[in-house]
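Written below as structure tokens is the structure these notes are about.
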Amino acid sequence: MFPWPAFGHISPFAPRKLVSIDSKIRVTFLTSAGTVPRVEAMLASSAKVTPLSLPHIPGLPSCASSTADLTADGAELLKLAVDATSPSVSALLADRPHRLRHAVGVRPRKASRRQGPLLRRLLRLLLRLHHRPLSPPVVRPRRTHGGPTRVPCHVGARHRASSPGTAPTSTTSAPSTGTTSACSSPDPPPPRHHDDEELDDRWATWLSAFPDASVIFASFGSETFLPAAAATELLLGLEATRSPFLAVLNFPKQAAMDDAAATELEAIIPVGLEERLEGRGVVHTGWVQQQQILRHRSVGCFVNHAGFSSVVEGLVAGCRLVMLPMKVEQHFNARLFARELRVGVEVARRDEDGWFGRQDVRDAVEAAVASGGGEEDDARKWREFFTNEDVQSKFAVDFVRELKEVVKGQA
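Quick note: the sequence shown uses the UniProt record's numbering, first residue 1, plus one each step.
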């Protein structure tokens, strides 16, 4: 396994369930050297973590190992560094199948030549299990390292959402920026519960002062950063709801390493906001216990960046969802959950430039809180789907079975 070095991308690939299904399975997890301690803690003993040294890229800090270490511009350079690990990854893939193939009577050189078809079959397997048939675009995409593959806005990937009990697929058009991206993710894992971990007293005390389901929790993960003007509009929109709120806004690690973080936070808070809120609103920067906050009785609405794990955690916690996607796959996630699965509301944006304002934030929150009937039934069904251990285990069982068939076919 070799996911993109962003912790929101790494955690869904935790292979504990695969190993529990078949103890003969050995999983090797490739990651940048600097992330190894955190990844090992995340995976426990379910996989061997193999570090990869990121090649030098001009402009990329030598200490950078994940998107959490970088600004948005630095993350673009990280893409080049990850691409440049190709020789190291190829060497690992070529070495391990040699021993496996030799044990079953296939000559090492022959196994090396067959590595490409094996990988292609694995990719076809993942797509088949995930039920995501994609037609090729009508124009050839233009690759740029500075952004996702770009195609005209009308050439959007089209998928159909299935019913609970089958693997969900996305039904989206390209966002208004004119970019589109099609990528296959692992089937949604059960939410990571930490029932033995209590919410910090600071947040528990503050939240407990409000009625049930009355607080809006806004959080955009550790690696999605709102521009200053957008963060200001978000806060003014939350204020306009007249509901209590906890907003978590983070900054790139490089900015947080000096006094600039405090300056940036002060810059995005509108003048007079703290006085007007009178204690019913908190703006925080830094890590928080997201799952524990979402499960608190006072939290009723979750404004987020449409990261897949965050949306699932909010859905399972029973919160009304408001999605404010900021980049790449987040736009597709928002369209999937809001339009197809009908379990949330996406913040409206201007067609010409994708901008949103305080009124758009307020309207989205009010629409989410007021939703009911069919939307509430859909949320309940998907909540049951994501928490159904039998359903989630079946995905892993089917994957292991098909994976074995692929390997046998290459013997």
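Backbone N, C-alpha and C define an ideal beta-carbon position, used for all residues, glycine too.
Smallest Cα separation from residue 212: which of 298, 57, 71, 340? Start at 1 with the first residue of the sequence shown, and residue 212 comes out as number 212. It is 298 whose Cα lies nearest to the Cα of residue 212.
Alpha carbon to alpha carbon, what distance is there between residue 367 and residue 347? Indexing the sequence shown from 1 puts residue 347 at position 347. Indexing the sequence shown from 1 puts residue 367 at position 367. One C-alpha to the other measures close to 10 Å.
Quick one: Cα of residue 204 to Cα of residue 296, how far? Numbered from its first residue, the sequence shown carries residue 204 at position 204. Numbered from its first residue, the sequence shown carries residue 296 at position 296. Near 8 Å, if we compare the C-alpha coordinates of residue 296 and residue 204.
Where residue 402 sits in the DSSP three-state scheme: Looking up residue 402 in the sequence shown gives position 402. Here residue 402 sits in helix by DSSP.
How many whole angstroms separate the CB atoms of residue 35 and residue 65, which I take to be in contact at a CB cut-off of 8 Å? Your numbering for residue 35 matches position 35 in the sequence shown. Your numbering for residue 65 matches position 65 in the sequence shown. 5 Å between Cβ atoms; contact.
Which whole-angstrom value describes the C-beta separation of residue 221 and residue 307, a residue pair presumed to lie in contact below a C-beta threshold of 8 Å? Here residue 221 refers to the residue found at position 221 of the sequence shown. Here residue 307 refers to the residue found at position 307 of the sequence shown. So it is a contact: roughly 5 Å between Cβ atoms.
Residue 217 and residue 294 - do their beta-carbons sit closer together than 8 Å? If you number the sequence shown from 1, residue 294 lands on position 294. If you number the sequence shown from 1, residue 217 lands on position 217. Result yes, Cβ atoms of residue 294 and residue 217 sit closer than 8 Å.
Rounded to a whole number of angstroms, what is the C-alpha to C-alpha distance between residue 151 and residue 241? Within the sequence shown, the letter at position 151 stands for residue 151. Within the sequence shown, the letter at position 241 stands for residue 241. Because residue 151 carries a pLDDT of 38, less than 50, the predicted location of this residue cannot be relied on, and the following value inherits that uncertainty. In a straight line, the C-alpha of residue 151 is about 38 Å away from that of residue 241.
Alpha carbon to alpha carbon, how far is residue 3 from residue 271? Give it in angstroms, no decimals. To locate residue 271, count along the sequence shown from 1; it is residue 271. To locate residue 3, count along the sequence shown from 1; it is residue 3. Going from the Cα of residue 271 to the Cα of residue 3 covers about 42 Å.
Grouping DSSP H, G and I as helix and E and B as strand, with all else coil, what is residue 388? The residue you call residue 388 lines up with position 388 of the sequence shown. Note: residue 388 maps to coil in three-state DSSP.
In chain order, what residues of the same chain lie with their CB nearer than 6 Å to the CB of residue 30, ignoring the 5 residues before and after it? Mapped onto the sequence shown, residue 30 falls at position 30. Excluding sequence neighbours, residue 30 sits near 2, 50, 52.
Can residue 386 be considered in contact with the ligand GTP, in the sense that its beta carbon sits closer than 7 Å to one or more heavy atoms? This structure simply doesn't include the ligand GTP, nor any ligand for that matter.
Who are the near neighbours of residue 383 in its chain, counting only those whose CB is closer than 6 Å to its CB and skipping five residues on each side? As a position in the sequence shown, residue 383 is number 383, starting the count at 1. Closer than 6 Å at the Cβ level, and outside the excluded window around residue 383, lie 315, 316.
How would you write the range of the beta strand (DSSP E) that residue 322 sits in, first residue to last? Counting from 1 along the sequence shown, the entry for residue 322 is found at position 322. Per DSSP, residue 322 belongs to the beta strand (DSSP E) from 320–323.
List the DSSP bridge partners of residue 245. Start at 1 with the first residue of the sequence shown, and residue 245 comes out as number 245. Residue 245 pairs with 216, 281.
Please determine if the region 387–395 and the region 329–346 are in contact, where contact requires at least 3 C-beta pairs separated by less than 8 Å. no
What ranges does the beta strand (DSSP E) occupy inside the region 262–314, keeping only unbroken runs of at least 3 residues that lie completely in it? 281–284, 299–304
Please list the segments of the beta strand (DSSP E) lying wholly inside the region 20–99, counting only runs of 3 or more residues, in order along the chain. 28–32, 48–52
Return the CA-CA distance between residue 361 and residue 68, expressed in angstroms with no decimal places. For the purposes of this step, residue 361 is taken as residue 361 along the sequence shown, with counting starting at 1. For the purposes of this step, residue 68 is taken as residue 68 along the sequence shown, with counting starting at 1. Roughly 26 Å separates the two Cα atoms.
Locate the alpha helix (DSSP H) running through residue 237, then write down its first and last residues. For the purposes of this step, residue 237 is taken as residue 237 along the sequence shown, with counting starting at 1. Element bounds for residue 237: 228–240.
Who are residue 223's beta bridge partners in DSSP? Locating residue 223 in the sequence shown gives position 223, where the first residue counts as 1. Beta-bridge pairing links residue 223 to no other residue.
Could you check what DSSP says for residue 376 in three-state terms: helix, strand or coil? Within the sequence shown, the letter at position 376 stands for residue 376. It is helical.
Boundaries (first-last residue) of the alpha helix (DSSP H) holding residue 333: The residue given as residue 333 occupies position 333 in the sequence shown. Run containing residue 333: 329–335, per the alpha helix (DSSP H) assignment.
Under the assumption that residue 289 contacts residue 200 (Cβ atoms under 8 Å), give the Cβ distance between them as a whole number of angstroms. Here the question's residue 289 lines up with position 289 in the sequence shown. Here the question's residue 200 lines up with position 200 in the sequence shown. At roughly 6 Å, the Cβ-Cβ gap stays under 8 Å, so residue 289 and residue 200 are in contact.
Since I believe residue 303 is in contact with residue 369 (beta carbons under 8 Å), could you give me their beta-carbon distance rounded to a whole number of angstroms? The residue you call residue 369 lines up with position 369 of the sequence shown. The residue you call residue 303 lines up with position 303 of the sequence shown. Their Cβ separation, rounded to whole angstroms, is 11 Å, which puts residue 369 and residue 303 out of contact at 8 Å.
Suppose contacts are defined by Cβ-Cβ distances below 8 Å. Is residue 265 in contact with residue 235 by that definition? In the sequence shown, the residue the question calls residue 265 occupies position 265. In the sequence shown, the residue the question calls residue 235 occupies position 235. Cβ atoms of residue 265 and residue 235: not closer than 8 Å.
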